[in-house]
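Have a look at the structure below before the remarks.
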DNA sequence: GACATAATTCAATTTTTGTTGAATTATTAA
DNA sequence: TTAATAATTCAACAAAAATTGAATTATGTC
């Protein structure tokens, strides 16, 4: 995998609107949600949501298919796992013991971390 | 509010330069590297690298400390694991079996994923 | 102290993103 | 076939990010 390609995927998650959309779709995997429901859940104007959904689809993190007059969006869980594998590849030069030790320290829920 | 904080972290990984820097530091965890070595490895102009390192440090994904006249940068593995947990939280919420199936088919070392 | 080295900050410019309302396309229902 | 609904595209503007070279700060060496 090319870092230019992967950075585009992280760019898709670099807006709080898109991150919220993606997490909503991850929670609602594998069924996904139609655009109107996403807009309702997250209270984002339709026109702005379209802009962000387009970016997510272009990144590959989200897929879309027509369903009558609705558009159904789904998170691509395999791609999500791929970028996690990319990010963590050869962590600590492949020393799994070192990584596991970090893992034990990481049980901070980012939801509760202070703002910067 | 929380997603604004996490999206800033993904923003830090949304440039291919910064993504390359971060992965280099992940591979070289836990020791890290000094700025000049990063510049040499990745062939990035010092002034531009400083700009990107600053963004990484501000996101919290990278830490820095002075070492004589060198600056040593290190990846924050615990924060990396936290944002992975944030991204994958409640995946396939109603259907954990579905989520386990996705994981089994992926290339992710389970060390880096929260239990499900 | 004077000089070299490591790295950063600053200022200027260019490029890219995000947001909004109005107009448009696609589909279904009356 | 007309109207209603779902969603997108378009155009305009506002805001933020990337890049560069010159100047600056901090540290170590002669």
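Protein chains in written order, with the working numbering: chain G, 31 to 146; chain U, 31 to 146. Even for Gly, the Cβ is constructed at its ideal location relative to N, Cα and C. Because the structure is a prediction, the values reported are computed rather than measured.
- Distance from residue 85(U) to residue 48(U) at the Cβ level is roughly 6 Å; contact confirmed, criterion being Cβ atoms closer than 8 Å.
- For the pair residue 32(U) and residue 45(G), the Cα-to-Cα distance works out to about 12 Å.
- Annotated as distal: residue 96(U) and residue 62(U), with beta-carbon spacing of 8 Å or more.
- Of the residues assessed, residue 127(U) falls on the exposed side of the cut-off, its CB having fewer than 16 other CB atoms within 10 angstroms.
- Counting the other CB atoms within 10 Å of its CB gives residue 35(G) a total below 16, which places it among the exposed residues.
- A contact between stretches requires three or more CB pairs, one per stretch, nearer than 8 Å, and the region 65 to 81 of chain G fails this requirement with the region 135 to 146 of chain U.
- When C-beta distances to chain G are compared with 9 Å, every residue of the region 71 to 82 of chain U stays at or above that value.
- A distance below 8 Å separates the beta carbons of residue 52(U) and residue 105(U).
- A direct Cα-to-Cα measurement between residue 74(G) and residue 50(G) gives close to 11 Å.
- Proximity to residue 100(U) across 55(U), 129(U), 143(U) and 65(U) peaks at 65(U), based on C-alpha coordinates.
- The DSSP-derived three-state label of residue 138(U) is coil.
- For residue 111(U) against residue 142(U), the beta-carbon gap comes to about 6 Å, under 8 Å, which counts as contact.
- By the neighbour-count definition (other C-beta atoms within 10 Å, threshold 16), residue 145(U) is an exposed residue.
- Taking 9 Å as the cut-off between beta carbons, the residues of the region 108 to 128 of chain U near chain G are 108, 109, 110, 111, 112, 113, 114, 115, 116, 117, 118, 119, 120, 121, 122, 123, 124, 125 and 128, in sequence order.
- In the structure shown, the three-state DSSP call for residue 64(U) is strand.
- For residue 130(G), at least one C-beta of chain U is nearer than 8 Å to its own C-beta.
- A buried status is given to residue 38(U), since no fewer than 16 other beta-carbon atoms sit within 10 Å of its beta-carbon.
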